[in-house]
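To start, the structure under review is shown below, and the notes come after it.
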Amino acid sequence: LLPQQLQQQLQQQPAKQQQQVTSAACPTGYVRTPSGSCVNLLIDFNNCGSIGYVCASSYTSCSNGACSGAPAVQLT
4 LLPQQLQQQL QQQPAKQQQQ VTSAACPTGY VRTPSGSCVN LLIDFNNCGS
54 IGYVCASSYT SCSNGACSGA PAVQLT
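All you need for our numbering is the position in the sequence shown, starting with 1, plus 3.
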């Protein structure tokens with residue numbers, strides 16, 4: 004569809020259908036990314052220390068929120 008046609012279609016939909024569905028809370032120790040995934044900022048290589056921060060390829064893991072060359076270990 005052309006942008007104008009798409010906009011017209013969206014305006015014709017009931018407001019209820021346009022509302023974003025809220026997801027359940029993430030488990031303790033995890034945060035929700037804009038895409039809706041739950042990630043652990045302390046060990047997630049693609050969200051290391053903050054959402055969206057990807058460790059450089061020279062690192063092998065994310066440990067305690069910092070990129071590291073050591074294997075990742077999660078203590079419970």
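Every residue, glycine too, gets a C-beta built ideally from N, C-alpha and C.
Everything numeric in this text was worked out from a predicted model, so none of it was measured.
Judged by DSSP in its simplified three-state form, S61 adopts coil rather than helix or strand. Annotated three-state conformation of S40 is coil, per DSSP. DSSP places A69 within a strand segment (E or B) once states are collapsed to three.
Of the residues P37, F48 and Y33, the one whose Cα lies closest to the Cα of A59 is F48. In this structure, I46 lies away from C29, with their beta-carbon atoms at least 7 Å apart.
Cα atoms of C70 and N50: separation of roughly 10 Å, rounded to the nearest angstrom.
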